[in-house]
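Residue numbers (this note's numbering): 18 to 142.
Each residue gets a CB set at the ideal place from its N, CA and C atoms; glycine is no exception.
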């Protein structure tokens with residue numbers, strides 16, 4: 018697992034924290050198997066739907082997505098604005114039209130990939 022701290026100015030304030038789980042952890046000896054994120058337990062190598070069972074996030078409600086990542090919508094108001102990215106690629110219903118042609122339908126909330134990145138950072142205006 019890689020951990021990156023983003024700094025506003027070198028040696029000053031932390032702008033964000035990025036946890037990268039994209040490196041395989043299965044079979045490796047690591048000092049932890051579960052971390053706490055947004056007051057919910059996140060088990061290494063679990064997928065997004067497994068994680069949201071334990072927290073207040075719900076698809077289309079306070080958890081939104083683009084084509085690549087999920088984001089937490091309307092973070093709690095505080096003195097600073099925070100952006101939280103959950104690196105799990107959204108799945109879509111697809112229709113195979115034959116050959117190399119497929120069409121992407123609506124978002125498939127029942128099929129989510131593993132979480133590869135958890136990223137919390139200040140929202141840059």
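Item                                                                                                                                                : Value
Taking 6 Å as the limit between beta carbons, can you name the residues of its chain near residue 18, skipping five residues before and five after? : For residue 18, the pLDDT reaches just 47, beneath the cut-off of 50, and the residue's location in the model is therefore unreliable, although a value from the coordinates is still provided. Closer than 6 Å at the Cβ level, and outside the excluded window around residue 18, lie 38.
Beta strand (DSSP E) containing residue 52: first to last residue?                                                                                  : 51-54
Which of the three DSSP states is assigned to residue 74 in this structure?                                                                         : coil
Express the C-alpha separation of residue 100 and residue 142 in angstroms, rounding to a whole number.                                             : With a pLDDT of 47 at residue 142, under the threshold of 50, the modelled position of that residue is not reliable, and the figure given next carries that caveat. Rounded to the nearest angstrom, the two C-alpha atoms are 11 Å apart.
So is residue 117 buried or exposed if we call it buried at 16+ other beta carbons inside 10 Å?                                                     : exposed
Return the bridge partner residues of residue 100 from the DSSP annotation.                                                                         : 138
Considering just the uninterrupted stretch of the beta strand (DSSP E) at residue 89, what are its terminal residues?                               : 87-89
With burial defined as no fewer than 16 other Cβ atoms inside 10 Å of the residue's Cβ, what is the status of residue 84: buried or exposed?        : exposed
Anyone know if the C-beta pair for residue 89 and residue 74 falls short of 8 Å?                                                                    : yes
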